[in-house]
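Residue numbers (the numbering used here): -16 to 110.
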């Protein structure tokens, strides 16, 4: 049986690391405005965002940078984090992952346990 992480799981795996790091800074501030790089939302309806606004330990807004800045305007208790082109992924909590290997595994056909050529053709057709 082929065991693969879904794209959704990989997306969900990411934002947590970024927000964990951001969480360290959150201890020093009441809120965060994160922007400046690709922000993956794990939401099929809106897979990318320009900004994330975190306030009082909760994600309050995900979307356009202009709206996030408007909501944070005048607030000195919000730390602004420019990703400088780095990506932000939701829910990434794996403390030890080899992302290259995970990506390569997703791009290969696992024929483990396939003994017959017809089974191989079926596996290939189901990609």
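For each residue, glycine too, the CB sits at the ideal point set by N, CA and C. Bear in mind the structure is a predicted one, so any value in this text is a computation, not a measurement.
Query: Excluding five sequence neighbours on each side, which residues of the same chain lie with their C-beta closer than 6 Å to the C-beta of residue 10?; Result: Residue placement at residue 10 is flagged as unreliable, the pLDDT there being 49, under the threshold of 50; the coordinate-derived value follows with that caveat. Closer than 6 Å at Cβ, skipping near neighbours: no residue.
Query: Leaving aside the five residues before and after residue 39 along the sequence, list all residues of the same chain whose C-beta is less than 8 Å from its C-beta, in chain order.; Result: 13 and 14
Query: Do residue 61 and residue 55 have their C-beta atoms closer together than 9 Å?; Result: yes
Query: Whose C-beta lies closer than 6 Å to the C-beta of residue 32 among residues of the same chain, with five residues either side of it excluded?; Result: 22, 24, 45 and 46
Query: Can you say whether residue 110 is buried or exposed, counting buried as having 16 or more other CB atoms within 10 angstroms of its CB?; Result: exposed
Query: Are there 16 or more other CB atoms within 10 angstroms of the CB of residue 30, so buried, or fewer, so exposed?; Result: exposed
Query: From this set, 59, 42, 34 and 108, which residue's C-alpha is nearest residue 48's C-alpha?; Result: 34
Query: Assign residue 82 to one of two classes, buried (16 or more other C-beta atoms within 10 Å of its C-beta) or exposed (fewer than that).; Result: exposed
Query: Quick one: Cα of residue 101 to Cα of residue 90, how far?; Result: 21 Å
Query: Measure how close the beta-carbons of residue 94 and residue 20 come, nearest whole angstrom, since I'm counting them as under 8 Å.; Result: That pair is no contact at about 37 Å.
Query: Express the C-alpha separation of residue 84 and residue 37 in angstroms, rounding to a whole number.; Result: 32 Å
Query: For the beta strand (DSSP E) holding residue 31, just list the boundary residues, first then last.; Result: 31 to 38
Query: Pop quiz: residue 159 and residue 97 are said to be a contact at Cβ under 8 Å. What is the actual Cβ separation, rounded to whole angstroms?; Result: Absent from the model: residue 159. The displayed extent of the chain is -16 to 110, so no value can be given.
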